[in-house]
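This report concerns only the one structure given below.
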Amino acid sequence: MIEEVTTAQYDALDKKGPMLVEFYSKTCGPCKMLAFVLKDIVKNDPDLRVYTVDFNENEDLKDRCGVKGFPTMLFMKDGAEVSRLEGLKQKPMIVKELEKIKN
Amino acid sequence: MPNFVTYTYEEHIINSQNKKEKAFLAKFEKEAPALNDAHVIVNPYIINPLSALILFKTAKKVTATMTVHGKNNAREDIVKSFGENTSHAIPVIGLYEGICTKVSVSLSSGECKEFCIKGEALPADVCRCRNVMTSHDYFGNDFMFLTPAGKNLPTAYDYKGEIRWMLNINTMFDLKRLKNGNILTGTHRYSRMPYNSTGLFELTLLGKIIKEYRMPGNYHHDQFELSDGNIMALTQDFSTDTVEDMIALLDRNTGKVLKTWDFKDFLPQDQGGSGSQDAHDWFHNNALWVDEVNKSVTISGRHQDAIANFNYETSKLNWIIGDPEGWPADMQKYFFKPVGDLTKFDWQYEQHACVVCPDGDIMAFDNGQYRAKTKDKYIKNKDNFSRGVRYRIDTDKMEIEQVWQFGKEWGQDFFSPYICNVEYYADGHYLIHSGGMATVDGYASDLLGAFLKVADPGVDLLSRTVEEKDGVIQYFLEVEGNNFYRAERLAPYHDQENLVFGEGKILGELDVTPTFDTIPEVEEVMEIIPMFHQISIHEEEDKFIIQGTFERGSLVVFVLEGKEDHGYFINTAASWHLAMCSGAFLEDDERTIKHNISKKGYSGKYDIKIIIDDKKYQTGVSIFC
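Here it is, written out as C-alpha cells:
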C-alpha cells in the first residue's frame, strides 16, 4: 500500500518491520515518475508499506531525516534507516534496496 | 486529426554527398568537356560555400596548375599544381564571398583558361573579423581556422581577415590535420546535452566527408591521431554516473572502439575540485596528447585544475601539473614543486588544450577561471587573466619551472573563462587563442559566452588569436559575434590528395539509448498536443530527436509503441550546465528539451506517443527501423 503522511502521522506510525519513506515535491517531474515506479512495485508486493511525505510541507521531518532534496527514498527497518536513494531510480535498483530491509 | 507536431527527415550528409558526387561525375564522363568547356561546380559537397570543383579532360596526359587569384595583389595568389593526367579534377579552395574570384588553370601543354567563380553567399550572422594585424611576409597564404563554440560555424580567415573557407554545418570542438592531409573534427550531429555529438568527421577542406566515426559514448572536445593512423578521442560511458572522463581508441578503418580508458581508475573523483566541478562532471577532460615513446597520454581536466599524465598500457598515473592545495597527502607525490623565478610562476586553473612539446615541456591555455582552489580566494572574471603557458618539468626531481607565458599582462582583455587553445610551432613560436571572451558593459562577464546573446545590450562576444614569435606578436586576429573553441593555422592545400572521390563511409556505431523500465499508465487521449509544447520529431538514418517545450516539473515520457514498448523519461527540472564548452545545441527557451534516441536495438514500426502529466498523446508519427 502507498499512503501519504504528514509529520504527525509519520510520528504516530507503527514502524516495526520494513517500510519505504519517500520525500517528494508536487512540482518535481522525477517525483511524479517515481510515483508510477513505486505503484508498480507495490502492485507486485502488496504487503510493502510505502509512505510518501511532501518535502515542502514537512520541514521538521525532512530535517530530522537529513533529507536534502527530492525525491529521496529512505529504506527503513524497525524505525531505523538502513539505506537511502536520492533522485529518480529505476525499479530494479529500488527492489534491490527493498530486499535489504525485508531480510 | 489536426496535428501540431512537426516531422522532418534529414538524409545523412555523407549519403547526400555520395549522390551528388555520383551525379556530377556521371555527367562529366558523359560530356567529357575540354578545358574551355570545363564543368565548374560551386560547393560540390554541399557544405563548403567557398569551394568549387573544375572538371575537364585533355587528349594527352598533361599537368595542371591552378591559381586562386588574390583580391589585392599577386602575392596573395594561391597556386597548386596537380599531377599528369587526361582526366582532371581541380579542387578550388578559398573563393572570396560574394564576388567573382578569378581562378586560372594552365596546362603543361600551354593551354590555359581563366574562370570567374562566385562563391555562395554566407549566412547573415557569420562571424566577421573585427581586427587583424599581421603581414603577408609572416602569414603568407595560410588560413586561420576557428572552430565554433556556439551556433556559429567553422570559419577560416586569410591574412587580411577575409573569410576564405567555411562549413555551413556546425561541426565542433577540435580540428586537426591528419597525416594524409584530411582534417578531423567533431560532427554536427546532436546526441546528448550539453554538447555531445555522434563522433568525428574526416573530411577534405573541399568539404567531402570521407568517414564519420560514430562513437557509442559520443564525442566531445578533442582527438589525436596515432602513428598507426588509429584515433584516440574523448568520450564517456553513459551507463555510469559520470561524464567526460574517458578516452576511446578507434580503429581508423572500421571505426570500432578497440579500447577505452576510464580516468576513475587512476584519479579520485572527489578531490581537487575546481570552481566549476560537480559530481557528474568531476574531471571534464578537454584535451589529450599522446606520447608513444613514453607510452603515456597527457590529459587536461578542467574540473580538477589538473593536467595529468598516465601510462596507456598500465593505466597508472604518472604525474599531475596543478596547484596541489587541497589534494590528499597520498596524492601529493604526483604533484610538482615550482622552481626557478617564482615571482613569475603561476599555476594554471580550469585550463584547456594541453600540448606536449618535442622536448617534453608542457603547454596549455590557462583560462584561470576562479584562479584558486578555495572559494574564499576566487577571483572575479574582470580582475582575472588568461594566458598561454609553457612549463618545464623534471619528473625525477618532481620540479616544475614556468619558462614562458603570454596573456597575463593583458588582464581581462584576454580573459576567456572556458574553451581556447595553444599551439607549439617551434621554441619561442606559439599560437595562443583566447576564443571564449565575453564582456558585459565593457567588463569580463561573470557568465560564460555560451549563455549570453550578442544581440543583448552591452554584450560583446569575441575571440582573440595571437601568434608570438621570439617575444614579438606577429599575428593578431579578433573575430566578433560569438566564441570560437579552438584556432588552427593551416595551408589551404597540402602535398597529398586534396581531392578524394568515392563513397564516404559511416563507420562505428551509436549506443542503445537507455530506456526507463516503467511507463506510466495514463489515459491515452484523442486530443491535439497543446501548441505550447512545440513538439518536433527529427529523423535521421540512425537516430531521431524528439524536441518539445515543457513546464518545469511536469511529467514527460516519450513512448515508442511497437512490437514492444519503450519509454524515455524526460527530466523537466531546471538544469544548469556549468561548463558549456559548446552552445551549439542550446535552445533559447530553457524549457525546451531535446532527446536523442538511437535506432540501434530497434526493429520494425514504432508509433511515437508522448505522456505529459496525466495524458498520453499521439504524435501521428511512426518510425521504421
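Chains as they are written, first to last, in this note's numbering: chain A, 1 to 103; chain B, 1 to 625.
C-beta atoms are modelled at their ideal positions from N, C-alpha and C, and glycine is treated no differently.
Problem set entry | Per DSSP, the bridge partner or partners of GLU325(B) | Locating residue 325(B) in the second sequence gives position 325, counting from the first residue. Bridge partners of GLU325(B): none, in fact.
Exercise. Within 8 angstroms (strictly less), CB to CB, does THR6(A) reach chain B?
Worked result: Reading the first sequence from its first residue, position 6 is the one you call residue 6(A). No, THR6(A) lies away from the interface with chain B (no Cβ there is under 8 angstroms from its Cβ).
For this session: Give a yes or no on whether the C-beta atoms belonging to GLY104(A) and GLY567(B) are separated by under 8 angstroms.
Result: Outside the modelled stretch of chain A, which goes from 1 to 103, sits residue 104(A), for which no answer is possible.
Problem set entry | Neighbour flag for THR110(A) against chain B, beta carbons, 8 angstroms | In the structure displayed, chain A extends from 1 to 103; residue 110(A) sits before or after that span and is not available.
Problem set entry | Distance, ASP330(B) Cα to LEU74(A) Cα | Locating residue 74(A) in the first sequence gives position 74, counting from the first residue. Locating residue 330(B) in the second sequence gives position 330, counting from the first residue. Each residue's Cα considered, the two are about 35 angstroms apart.
Exercise. According to the neighbour-count rule (16 or more other Cβ atoms, all chains shown, within 10 Å of its Cβ), is ASP366(B) buried or exposed?
Worked result: The residue labelled residue 366(B) in the question sits at position 366 within the second sequence. Burial call: buried.
For this session: Identify every run of the alpha helix (DSSP H) within the stretch 115–150 of chain B, keeping only runs that are complete inside it and at least 4 residues long; order them along the chain.
Result: 136–139
For this session: Give a yes or no on whether the minimum CB-CB distance between VAL50(A) and chain B is below 8 angstroms.
Result: Locating residue 50(A) in the first sequence gives position 50, where the first residue counts as 1. No, VAL50(A) lies away from the interface with chain B (no Cβ there is under 8 angstroms from its Cβ).
For this session: Find out if the Cβ-Cβ distance for the pair ASP265(B), SER315(B) is shorter than 8 angstroms.
Result: As a first step, residue 265(B) is located in the second sequence; it is residue number 265 there, counting from the start. As a first step, residue 315(B) is located in the second sequence; it is residue number 315 there, counting from the start. Yes; because the gap between Cβ atoms is below 8 angstroms, this pair is in contact.
Problem set entry | Paired residues, beta bridge with TRP404(B) - DSSP | Position 404 of the second sequence, counted from the first residue, corresponds to residue 404(B). Beta-bridge pairing links TRP404(B) to ARG390(B).
For this session: Excluding the 5 residues preceding and the 5 following THR198(B) in the sequence, name in chain order all residues of the same chain whose CB lies nearer than 6 angstroms to its CB.
Result: For the purposes of this step, residue 198(B) is taken as the residue at position 198 of the second sequence. Correct list, in chain order: THR187, ARG189, SER191 and ARG214.
Exercise. How should VAL243(B) be labelled, buried or exposed, when 16 other C-beta atoms within 10 angstroms of its C-beta is the threshold for buried?
Worked result: In the second sequence, the residue the question calls residue 243(B) occupies position 243. VAL243(B) should be labelled buried.
Exercise. Along chain B, in chain order, which residues have C-beta atoms closer than 7 angstroms to that of PRO30(A)?
Worked result: The sequence position of residue 30(A) within the first sequence is 30, counting from 1. By Cβ distance, chain B contributes ASN571 and ALA573.
Problem set entry | Alpha carbon of ILE169(B) to alpha carbon of ILE209(B), nearest angstrom | By 1-based counting over the second sequence, the position of residue 169(B) is 169. By 1-based counting over the second sequence, the position of residue 209(B) is 209. Approximately 12 angstroms, taken between the alpha carbons.
For this session: Kindly indicate which three-state DSSP category CYS354(B) falls into: helix, strand or coil?
Result: Numbered from its first residue, the second sequence carries residue 354(B) at position 354. Strand at CYS354(B).
For this session: Determine the closest residue to TYR157(B) out of HIS280(B), ARG464(B), ASP446(B) and THR58(B), with distance taken between C-alpha atoms.
Result: The count along the second sequence starts at 1 and reaches residue 157(B) at position 157. For the residues HIS280(B), ARG464(B), ASP446(B) and THR58(B), the minimum Cα distance to TYR157(B) belongs to ARG464(B).
Exercise. From the beta carbon of PHE238(B), is the nearest beta carbon of chain A less than 8 angstroms away?
Worked result: Here residue 238(B) corresponds to residue number 238 of the second sequence, with the count starting at 1. No, because no Cβ of chain A sits closer than 8 angstroms to the Cβ of PHE238(B).
For this session: Tell me PRO514(B)'s beta-bridge partners as DSSP assigns them.
Result: Here residue 514(B) refers to the residue found at position 514 when the second sequence is read from its first residue. Answer is none; PRO514(B) lacks a bridge partner.
Problem set entry | Chain-ordered neighbours of ASP40(A) on chain B, where CB pairs are closer than 7 angstroms | As a first step, residue 40(A) is located in the first sequence; it is residue number 40 there, counting from the start. Neighbours of ASP40(A) on chain B, chain order: THR518.
Problem set entry | Whole-angstrom C-beta distance between ILE593(B) and ILE537(B), which should lie under 8 angstroms | Here residue 537(B) corresponds to residue number 537 of the second sequence, with the count starting at 1. Here residue 593(B) corresponds to residue number 593 of the second sequence, with the count starting at 1. No, ILE537(B) and ILE593(B) are not in contact; Cβ-Cβ is about 13 angstroms, not under 8 angstroms.
Problem set entry | Extent of the continuous alpha helix (DSSP H) to which ASN44(A) belongs | Within the first sequence, the letter at position 44 stands for residue 44(A). Start and end: 29–44.
For this session: Measure from the C-beta of PHE36(A) to each C-beta in chain B and report whether the shortest distance is under 8 angstroms.
Result: By 1-based counting over the first sequence, the position of residue 36(A) is 36. Cβ-Cβ to chain B under 8 angstroms: yes for PHE36(A).
Exercise. In the DSSP assignment, what residue or residues form a beta bridge with SER104(B)?
Worked result: As a working mapping, residue 104(B) is identified with position 104 in the second sequence. THR67(B) and GLU114(B).
Exercise. By Cβ distance, which residues of its chain are closer than 6 angstroms to GLU503(B), with the 5 residues on each side in sequence left out?
Worked result: The residue labelled residue 503(B) in the question sits at position 503 within the second sequence. Within the same chain, GLU503(B) has close Cβ partners ASN18.
Exercise. For TYR138(B) versus TYR378(B), is the C-beta distance shorter than 8 angstroms?
Worked result: What you label residue 138(B) is simply residue 138 of the second sequence in a count that begins at 1. What you label residue 378(B) is simply residue 378 of the second sequence in a count that begins at 1. No, the Cβ-Cβ distance between TYR138(B) and TYR378(B) is not below 8 angstroms.
For this session: Would you mind stating whether HIS220(B) and PHE173(B) have Cβ atoms separated by less than 8 angstroms?
Result: For the purposes of this step, residue 220(B) is taken as the residue at position 220 of the second sequence. For the purposes of this step, residue 173(B) is taken as the residue at position 173 of the second sequence. Yes, Cβ-Cβ distance for HIS220(B) and PHE173(B) is below 8 angstroms.
For this session: Give a yes or no on whether 8 angstroms exceeds the smallest Cβ distance from MET73(A) to chain B.
Result: Translated into the one-based positions of the first sequence, residue 73(A) becomes position 73. With 8 angstroms as the cut-off, MET73(A) does not count as an interface residue toward chain B.
Exercise. What's the call for THR439(B), buried or exposed, on a 16-neighbour Cβ count within 10 Å?
Worked result: By 1-based counting over the second sequence, the position of residue 439(B) is 439. By the neighbour-count rule (16 or more Cβ atoms within 10 Å), THR439(B) is buried.
Exercise. Anyone know if the C-beta pair for ARG392(B) and ASP361(B) falls short of 8 angstroms?
Worked result: What you label residue 392(B) is simply residue 392 of the second sequence in a count that begins at 1. What you label residue 361(B) is simply residue 361 of the second sequence in a count that begins at 1. Yes, they are a contact pair.
Exercise. Who are the near neighbours of ASP78(A) in its chain, counting only those whose CB is closer than 8 angstroms to its CB and skipping five residues on each side?
Worked result: Here residue 78(A) refers to the residue found at position 78 of the first sequence. LYS15, LYS16 and GLY17, listed in sequence order.
Problem set entry | Backbone secondary structure at LYS60(B) - three-state DSSP | Within the second sequence, numbered from 1, the residue matching residue 60(B) stands at position 60. Correct three-state label for LYS60(B): strand.
Problem set entry | For ILE54(B) and ASN152(B), the rounded distance between their alpha carbons | On the second sequence, residue 152(B) is found 152 positions in, with the first residue counted as 1. On the second sequence, residue 54(B) is found 54 positions in, with the first residue counted as 1. Answer to the nearest angstrom: the Cα atoms are 29 angstroms apart.
Exercise. What are the residues of the stretch 554–567 of chain B that lie near chain A, defined by any Cβ-Cβ distance shorter than 8 angstroms?
Worked result: SER554, LEU555, VAL556 and VAL557
For this session: Determine the chain B residues that contact LYS91(A) at a beta-carbon separation under 8 angstroms, and present them in chain order.
Result: Counting from 1 along the first sequence, the entry for residue 91(A) is found at position 91. Ordered by position in chain B, the residues that pass the 8 angstroms Cβ test against LYS91(A) are ASP517 and THR518.
Exercise. Can you find at least 3 beta carbon pairs, one from the stretch 509–527 of chain B and one from the stretch 40–47 of chain B, that sit closer than 8 angstroms?
Worked result: no
For this session: Report yes or no: is there a C-beta of chain B within less than 8 angstroms of the C-beta of MET33(A)?
Result: Counted from its first residue, the first sequence places residue 33(A) at position 33. Closer than 8 angstroms to some Cβ of chain B, the Cβ of MET33(A) qualifies, so yes.
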